[in-house]
């Protein structure tokens, strides 16, 4: 009876595994392969072209100034947000690493931005950052500004504003990761450090920060990948403007495919973004893992 | 090892899942009606109530049709239609799209020309290579310059400017009185481009109506000196401080309220703005065509209209009948006139025939449609043979935003030429 029950369980697991594998193949691997294939064509559904063009799309990228600008913007944003969100995450985690009810409520609030859809985040912050938005109104009222500041209306300010919003979103995630990492630090370590007279920033530098290493690896890698493929928040906040100065590579891919109808070229750019994301993730994860081991 | 029956079960499950996620419209229903999908878009003026009522009215006149409404997630219905097309869900009917984007792939079916000729004032307003894919039910002027009469009086400006010199003089007088001369909703790329649309339409197309056809034939370029000189006017407006410094951070919707609440004196915008003129203060507003050097009137004109028909619609004849019923329904035109500032273009009808309540500024603006003047296809807005190639609008908008802070007019115009070259390849 027991043997029969186990067999049924195994069958169920096999079925689930097969279904998962199939879903993975159909919805991830197949589109990836189709996109790779498309990147070697001049696919344009509205001109009805889909001929093999070899590496033409890839060579075109070298002279595509809009692509270079989008990659520069995306990389600056990704690294800036990753640093800021992780610094904030560590700070918030240290502050919220308590067990009382009020701290549990604050932890939930800290995670809130992460569960909001990017579109909602974009619309909320748009009401804050536009020329007549809440931020300018408040700053004008208290006399900090004489005239409204174009938070989304100049290339540098828009980069900063988007960075701020994305950092706000990502810090919810990083806080939770670092909180979990903090709670895995053995209490004895801190007790021993106290006995040895190690306190404050010294204790953070010598005990807490090294012990957060696994959390740092996860948090930094996921922050980087999330921002490298960022689309929704930017689309709502600036639409890539002004003058394409905040056009992320993901947004550029969508515009190429659905505005310029250049699906083949868009696929090639998507492949480039995939490769960059993979390389960045591998390098960063590798470096951070080595740090974990050396610690 | 995965056994075959298990794999088969997985495939069957997946297929069931895919089927469940599909649109599920079978093309007909139990009562024998043919279901057609209709892509519309919603704005504060053209809301869900408007579309539902207009669909119900046209359905009542088209026996055997059932309309399944699809609402585009933004006003970019061309982009959404392309997404639907690429996922195999191209709608049967598509409201206010740019046909030139879709005709190349044989996706649209033209309307019966006899019907078009019989019913519309300008039958060829939307004509694309001799065929009409959108009934020209209405038109827009893109842009006109709307102005606040009270602020003009405050600055001592006696009359609406006609020439470029008078326009600059008016701007200077307004600025001297601490009044923001020109409103710009520059955070929305299309709105940011309005002054550029006005300048190029008036100064370039006004002198050569075939300029866009010449551009397609590579006879002229954006980087040509006459275009650069014209666009330099935009830089003059920016560098003279005639726009709000933070204009590229102002949303289109906010720009309307800023202008109508008296925060700026002039507002270059498409005639759909007329639907937003507050009724109680409408007499405070006037309009004039974008000024030219010599004061000649150039009207950047766009034939608007109703829906295009998919060449692959389940029943193209029925779809055309529905499109015809919708296009001729005076109630639809009434809503478009009152809320969207559309100028009706149905033959044999006056404004009074629609039972509309419109402002004097609407009537004055509409007068330019009937007058014998220099009408040109507004650059970036035309849906006929003068429509820009796919992707060029985006490049045009980006140039308008870039020129707000950059002085390199020639460089930005060259970028447009480069984008054009890529788009028509």
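Residue numbers (this note's numbering), protein chains in the order written: chain F, 1 to 295; chain G, 296 to 720. Just so it is clear, CB atoms sit at the ideal spot from N, CA and C, and this is done for glycine as well. Predicted, not measured: the structure shown is a model, and the values here were computed from it.
**Asked** With a cut-off of 8 Å, do at least 3 Cβ pairs link the segment 686 to 693 of chain G to the segment 241 to 261 of chain F?
**Response** yes
**Message:** Strictly by DSSP, which residues pair up with residue 271/F?
**Reply:** Residue 271/F pairs with nothing; no bridge assigned.
**Message:** For a minimum of 3 consecutive residues, which ranges assigned as the beta strand (DSSP E) are wholly contained in the segment 652 to 683 of chain G?
**Reply:** Taken in chain order, the unbroken stretches of beta strand (DSSP E) that lie wholly in the segment 652 to 683 of chain G and span 3 residues or more are 669 to 672.
**Asked** Which residues does DSSP pair with residue 561/G in a beta bridge?
**Response** 442/G and 477/G
**Item:** Identified DSSP bridge partners for residue 52/F
**Value:** 41/F
**Asked** Shortest alpha-carbon distance to residue 390/G belongs to which of 455/G, 468/G and 369/G?
**Response** 369/G
**Message:** I'd like to know whether the C-beta of residue 701/G is nearer than 9 Å to at least one C-beta of chain F.
**Reply:** yes
**Residue(s) in a DSSP beta bridge with residue 426/G** = 423/G
**Request:** Taking only the alpha-carbon atoms, compute the straight-line gap between residue 585/G and residue 143/F and give it to the nearest angstrom.
**Result:** Going from the Cα of residue 585/G to the Cα of residue 143/F covers about 38 Å.
**Amino acids of chain G, ordered along the chain, whose beta-carbon sits closer than 7 Å to that of residue 244/F** = 693
**Prompt:** How far does the alpha helix (DSSP H) with residue 640/G in it reach, from first residue to last?
**Reply:** Unbroken run through residue 640/G: none, as it is neither H nor E.
**Request:** Please list, in chain order, all residues of the same chain as residue 130/F whose beta carbon is under 7 Å from its beta carbon, the five residues on each side excluded.
**Result:** 152
**Prompt:** Does the Cβ of residue 31/F have 16 or more other Cβ atoms within 10 Å, making it buried, or fewer, making it exposed?
**Reply:** exposed
**Asked** Across which residues does DSSP place residue 593/G in a beta bridge pair?
**Response** Note: residue 593/G is bridge-paired with 669/G in the DSSP secondary-structure output.
**Request:** Give the range of the beta strand (DSSP E) segment to which residue 580/G is assigned.
**Result:** 580 to 584
**Prompt:** Where does residue 245/F sit, in a helix, a strand or coil, going by DSSP?
**Reply:** Here DSSP, grouped into helix, strand and coil, assigns residue 245/F to coil.
**Asked** Is the segment 632 to 646 of chain G touching the segment 370 to 380 of chain G in the sense that three or more CB pairs, one from each, lie closer than 8 Å?
**Response** no
**Item:** Distance between residue 207/F and residue 186/F (C-alpha atoms, nearest Å)
**Value:** Straight-line measurement puts the Cα of residue 207/F at about 10 Å from the Cα of residue 186/F.
**Message:** If the criterion is Cβ atoms closer than 9 Å, does the pair residue 595/G and residue 438/G meet it?
**Reply:** yes
**Request:** Give a yes or no on whether 9 Å exceeds the smallest Cβ distance from residue 47/F to chain G.
**Result:** yes
**Request:** Please confirm if residue 149/F has its CB atom under 9 Å from at least one CB of chain G.
**Result:** yes
**Per DSSP, cross-strand counterpart(s) of residue 219/F** = Looking at the DSSP assignment, residue 219/F forms no beta bridge with any residue, so it has no partner.
**Request:** Write down the C-beta distance between residue 366/G and residue 617/G rounded to the nearest angstrom, noting that I regard them as a contact closer than 8 Å.
**Result:** With 8 Å as the limit, residue 366/G and residue 617/G do not qualify as a contact, their Cβ atoms being about 17 Å apart.
**Request:** Note down, in chain order, each residue of its chain lying with its Cβ closer than 8 Å to the Cβ of residue 317/G, except the 5 sequence neighbours on either side.
**Result:** Residue placement at residue 317/G is flagged as unreliable, the pLDDT there being 43, under the threshold of 50; a coordinate-derived value is accordingly withheld.
**Prompt:** Can you name the residues of chain F whose CB is closer than 7 Å to the CB of residue 686/G?
**Reply:** 259 and 260
**Prompt:** Enumerated in chain order, which unbroken segments of the beta strand (DSSP E) with a length of 3 residues or greater are wholly contained in the segment 333 to 415 of chain G?
**Reply:** 360 to 366 and 388 to 390
**Request:** Compute the Euclidean distance between the alpha carbons of residue 275/F and residue 50/F, then round it to the nearest angstrom.
**Result:** 24 Å
**Message:** So with CB distances below 8 Å, who are the chain G contacts of residue 130/F?
**Reply:** 482, 544, 545, 546 and 549
**Prompt:** Mind pulling the chain F residues with CB within less than 8 Å of residue 397/G?
**Reply:** Near residue 397/G (Cβ distances below 8 Å), the residues of chain F are 46.
**Message:** Below 9 Å on C-beta distance, what does residue 471/G contact in chain F?
**Reply:** Going along chain F, no residue has its Cβ under 9 Å from residue 471/G, so there is no contact; the nearest lies around 18 Å.
**Asked** Taking all protein chains shown into account, do 16 or more other C-beta atoms lie within 10 angstroms of the C-beta of residue 501/G, making it buried, or fewer, making it exposed?
**Response** buried
**Asked** What is the rounded straight-line gap between the Cα of residue 554/G and the Cα of residue 535/G?
**Response** 20 Å
**Request:** Mind listing the chain F neighbours of residue 377/G? Cutoff is C-beta to C-beta under 9 Å, in chain order.
**Result:** 45, 46, 257, 258, 259 and 261
**Prompt:** What whole-angstrom Cβ distance do residue 492/G and residue 673/G have, given they're in contact under 8 Å?
**Reply:** 6 Å
**Prompt:** Who are the neighbours of residue 143/F on chain G, taking C-beta pairs under 9 Å?
**Reply:** Per Cβ cutoff of 9 Å: no residues; residue 143/F is ~18 Å from chain G at best.
**Contact list for residue 152/F against chain G, beta-carbon separation under 7 Å** = 482 and 544
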